[in-house]
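When we follow UniProt numbering, the leftmost residue of the sequence shown carries the number 1, and every step to the right adds one. Yeah, the Cβ is synthetic: ideal placement off N, Cα and C, and Gly gets one too.
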Amino acid sequence: MLDVGKWPVFALLPPEELRLIRQACVFGSAANEALYVTVNDEVFALGTNCSGCLGLGDLQSTIEPRRIDVLCGKKIVSLSYGTGPHVVIATADGEVFAWGHNGYSQLGNGTTNHGLTPAQVSTNLLNKRVTEVACGSHHTIALTTDGEVFAWGYNNSGQVGSGSTANQPTPRRVSSCLQNKVVVNIACGQLCSMAVLDNGETYGWGYNCNGQLGLGNNGNQQTPCRIAALQGVNIIQVACGYAHTLALTDEGFIYAWGANSYGQLGTGNKSNQAVPTLINTDKERMVEVAACHTSHTSAAKTQSGQVLMWGQCRGQAVACPHITHFASTDDVFACFATPAVTWHLLTVDGDDYLTVAQSLKREFDSPDISDLKFLVDGKCIHVHKALLKIRCEHFRVLLNETDEESIEIHQFSYLVYRAFLEYLYTDIINLPPEDAIGLLDLATFYRETRLKRLCQETIKRGISEENAITLLSAAVKYEARDLEEFCFKFCVNHLTAVTQTQAFADMDHELLKTFISKASRYGAFKN
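So this is what it looks like as structure tokens:
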């Protein structure tokens with residue numbers, strides 16, 4: 001679990017208050033301002049309150065938390081901040097609220113008056129549902145459920161994407177090259193903006209004097225430009241530092257570009273890069289990249305849970321990814337970034353007591369109070385009949401028909417069956433992606449719809465050029481339509497490499513015919 005206590009601004013909060021926090025954000029020029037949300041959806045703020053950025057209705061600093069009444073119960077899903085600072089949030093209902101510094105209209109309300117309390121950003125957004133917000137130093141961008149991007153605020157370098165350098169007082173849709181395209185991820189550097197499309201393409205606009213747009217030059221861009229150097233590479237997440245950019249591919253590789261005076265690109269040197277450069281992470285698959293527009297620090301997390309950091313780390317220039325003992329990328333920014341702010345909305349959980357879910361998890365496969373055991377591949381798995389009946393219709397029927405205290409299973413492996421039973425206790429799949437195919441088979445057999453969906457998501461995270469055809473075949477076999485479509489698109493996007501694998505050579509004839517026909521309709525064989 002993440003520990004909010006790593007941020008000094010929370011040091012004076014009593015333990016009983018810390019246990020209630022489930023979301024938090026630390027920001028400000030000295031990491032001296034914070035917002036947090038409790039388990040009761042109450043929102044509190046504390047700190048120096050520069051430019052009214054705490055949203056409390058005044059400019060008074062506060063060392064003790066004060067409640068922001070207007071935000072209580074709003075269910076915040078995304079939060080970002082600028083260096084003014086200004087703060088912008090998106091709620092579960094898709095609404096956007098902003099407050100704080102407004103000298104460049106970064107609050108999107110058509111004025112340059114500072115906002116002392118959160119106010120809804122309504123122009124052009126009232127009929128939209130915003131899912132994600134991102135702030136640069138003094139500009140804001142927002143992503144909607146339709147994949148549209150809106151931008152407003154400071155525009156001296158074209159970071160609003162309007163085609164000019166005039167400040168944008170209210171939200172304006174970023175169109176140009178993004179017209180009729182679906183954006184799935186956004187990020188902002190100090191004076192630039194980035195967007196990732198659903199097809200893996202990446203676009204950038206705004207300030208580019210350090211090459212942070214990845215276009216191969218240092219010219220500012222007033223409208224979105226596709227990063228041509230990433231042609232054929234499918235990006236799924238982008239993160240922006242002060243003047244550098246990190247991008248994560250669907251195969252778990254990291255590309256970096258832009259400023260590098262602190263080694264923040266992880267290339268082993270301090271030379272700026274105007275085009276995306278693949279960084280060496282010892283071949284382990286990455287699942288997250290992290291950077292913040294206030295600093296020159298970079299971080300990433302591997303599939304096995306290792307956290308790496310590089311760039312400016314407490315004054316030191318670390319030019320190559322360095323393995324840490326941290327549990328999350330958030331810890332890197334708490335302990336090594338300058339200022340030590342959160343790079344995204346932090347989620348924290350108190351764990352001083354065991355919840356019902358935690359208690360059940362602890363009793364899984366414990367022989368002490370179990371009343372049933374499964375024998376699989378000669379190994380025992382200890383469970384509780386009552387819980388199995390509650391959680392699974394298959395077991396409700398089976399256990400009502402038998403009083404046996406031991407049941408042998410021959411159809412599935414020990415690894416798969418144990419993962420299934422553990423899922424019934426925890427709602428979590430504890431299997432590597434390559435083994436989740438067997439669990440998908442079980443979920444299909446037992447008609448466990450939710451488990452089937454979770455298996456598909458787990459398998460997606462482990463897809464590669466080598467196993468893509470194998471996973472596609474499994475998706476077809478088990479009628480996992482969403483997974484089938486995902487694997488098909490991955491195969492098409494990596495067609496040359498996939499067709500050279502042994503799995504493709506061994507592909508079922510009928511499936512091969514279907515694949516070629518569908519790929520042709522998809523345009524895979526066009527010059």
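In DSSP terms, what residue i is bridged to
i	result
I76	T91
F27	E33
A186	For the record, residue 186 in the displayed sequence is Ile; it is not Ala. Paired residues: A195.
M507	M507 pairs with nothing; no bridge assigned.
F445	Partner(s): none; F445 has no beta bridge.
V397	None; V397 has no bridge partner.
Y255	A247, L278
L308	A300, I323
E288	K301
Backbone CA spacing between residue i and residue j [nearest angstrom]
i	j	result
D352	G5	Low confidence applies to D352: its pLDDT is 47, below 50, so where it sits in the model is not reliable, and the reading given next is rough at best. Roughly 14 Å between the two C-alpha positions.
K361	L278	40 Å
V340	N280	It should be pointed out that residue 340 corresponds to Ala in this sequence rather than to Val. Roughly 26 Å between the two C-alpha positions.
G350	G219	Its pLDDT being 45, under 50, G350 is placed unreliably in this model, and the value from its coordinates should be taken loosely. Cα to Cα, G350 sits roughly 48 Å from G219.
F515	T245	36 Å
T166	N155	It should be noted that the sequence gives Ala, not Thr, for residue 166. Roughly 6 Å separates the two Cα atoms.
A337	H296	8 Å
L213	V160	14 Å
A319	A519	42 Å
P171	V88	13 Å
L54	V37	13 Å
N109	A98	9 Å
S473	V26	46 Å
I323	A317	15 Å
G50	S29	The sequence shown places Cys at residue 50, rather than the Gly named in the question. Cα to Cα, C50 sits roughly 9 Å from S29.
A142	T449	33 Å
A11	T402	56 Å
D282	L511	35 Å
A299	N234	20 Å
P321	W310	5 Å
T144	L126	11 Å
Y81	L372	53 Å
F490	V376	35 Å
H138	C240	15 Å
N180	K128	16 Å
R19	G73	18 Å
G68	A247	According to the sequence shown, residue 68 is Ile rather than Gly. The alpha-carbon atoms of I68 and A247 are separated by roughly 35 Å.
Environment of residue i [buried if 16+ CB atoms lie within 10 Å]
i	result
S157	buried
M1	Confidence at M1 is low in this model, with a pLDDT of 39, below 50, so its placement is unreliable and the value that follows should be read with caution. Its Cβ having fewer than 16 others within 10 Å, M1 is exposed.
Y522	exposed
E465	buried
E422	buried
F525	exposed
Q411	exposed
F395	buried
A92	exposed
V149	buried
P14	exposed
H509	exposed
H325	exposed
P65	buried
S162	buried
D506	exposed
D330	buried
E479	exposed
Residue i versus the options, residue with shortest Cα-Cα distance
i	options	result
Q358	H322, E201, Y425, E393	Y425
C380	E408, R391, E404, R396	E408
R314	A334, E148, G268	A334
L79	E42, Q168, H344	H344
Q237	G73, V289, G258, L215	V289
L451	A503, G47, R391	R391
N40	S29, A30, T48, Q23	Q23
N217	A274, C188, P224, D250	A274
Q106	T499, G136, Q306, S370	G136
V9	T48, R19, E16	T48
N493	G200, T223, S261, A90	G200
G462	L415, E434, D441, F488	E434
T501	E485, K477, C487, N467	N467
A34	A497, S304, I369, W7	W7
Y262	A243, K181, N400	A243
S122	D146, V184, V96	V96
Nearest-angstrom Cβ-Cβ length linking residue i and residue j, presumed shorter than 8 Å
i	j	result
I428	L439	With 8 Å as the limit, I428 and L439 do not qualify as a contact, their Cβ atoms being about 12 Å apart.
Q231	W205	That pair is no contact at about 18 Å.
K301	M286	7 Å
Q168	G189	About 17 Å separates the two Cβ atoms, so there is no contact after all.
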